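Numbering (the UniProt record's numbering), first residue to last: 1 to 255.
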């Protein structure tokens with residue numbers, strides 16, 4: 001456990017050390033020393049902006065991500081379990097998945113305005129597809145022996161969905177959710193760069209337009225830290241949800 005933690009921490013520490021020494025004597029206006037960026041970080045973000053910008057961004061991310069999880073898993077279960085429906089909608093799903101979510105921002109602005117709803121819909125539009133498609137594939141790959149066993153014991157309805165389909169597909173669902181989280185962070189920032197009045201993306205653009213370069217870089221650093229923290233939180237939840245799956249894999253490796 002300690003070895004894994006050291007391996008995970010070593011690379012970020014090395015990169016920060018390289019950045020620190022490489023930029024120590026920088027006089028470039030657009031690439032200030034890391035020391036100056038770190039000095040501006042607390043005064044920039046540990047104050048009113050934490051409430052006015054950071055927390056609203058995280059709230060929009062949470063709502064959009066949760067909505068994408070609910071819709072993606074529900075539709076994925078329905079499509080994956082129905083072969084005819086899957087054959088009908090699969091070409092459409094492949095087409096919609098190929099559309100870059102940032103392209104939808106102007107359309108969503110026309111439909112939903114420039115408020116929080118638009119920003120949440122942008123996040124949903126990007127997070128939905130990894131979750132949906134991984135759920136479909138997970139349901140399609142359910143073991144036929146387990147399916148026949150459920151049929152033999154007459155396990156139907158919600159019990160069949162929960163104990164057979166959801167549990168069997170959960171490793172792929174979690175894999176899709178992990179991909180969706182990184183996409184959601186990116187779209188959170190992009191959505192706040194268009195006609196916004198708050199949020200981390202909006203504030204970073206304001207710093208850029210005002211030529212407040214150290215503050216702008218501190219916003220980039222904040223986004224990186226948030227990404228790391230959310231990834232660690234996701235990993236903790238994954239270990240909890242898929243404890244049985246990781247246990248089976250550990251036993252298989254020992255054989």
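For every residue, glycine included, the Cβ atom is placed at its ideal position computed from N, Cα and C. Model, not experiment: these values are computed from the prediction.
- Taken atom to atom, the span from the alpha-carbon of residue 122 to that of residue 187 is near 7 Å.
- The three-state reading of DSSP puts residue 135 in helix, counting H, G and I together.
- Per DSSP, residue 217 is one residue of the alpha helix (DSSP H) stretching across 213-241.
- The DSSP assignment places 105-112, 116-140, 144-152 and 157-160 as complete runs of the alpha helix (DSSP H) inside the region 84-164, in order along the chain (cut-off: 4 residues).
- By a beta-carbon distance limit of 8 Å, residue 68 contacts residue 128. Their separation comes to about 5 Å.
- The residues 198 and 199, in chain order, have a CB closer than 7 Å to that of residue 56 in the same chain once the five nearest residues on each side in sequence are set aside.
- In this structure, the beta-carbon distance from residue 226 to residue 185 falls below 9 Å.
- Here DSSP, grouped into helix, strand and coil, assigns residue 48 to helix.
- Using a Cβ-Cβ distance cut-off of 8 Å, the region 94-106 and the region 33-47 are not in contact, since fewer than three pairs of beta carbons, one from each stretch, lie closer than that value.
- By the criterion of at least three beta-carbon pairs nearer than 8 Å, the region 165-179 is not in contact with the region 25-39.
- For residue 126, the closest of 93, 138 and 115 by C-alpha to C-alpha distance is 93.
- In the displayed model, residue 39 falls within a helix according to three-state DSSP.
- Non-local beta-carbon contacts of residue 120 in its own chain, meaning distances under 6 Å to residues more than five positions away in sequence, involve 60, 63 and 64 in chain order.
- Counting along the chain, the unbroken alpha helix (DSSP H) around residue 188 starts and ends at 167-191.
- Put simply, the region 134-150 touches the region 79-94. At least three CB pairs are less than 8 Å apart.
- For residue 49 and residue 148, the gap between their C-alpha atoms comes out near 56 Å.
- Judged by DSSP secondary structure, residue 203 falls within the alpha helix (DSSP H) whose first and last residues are 200-209.
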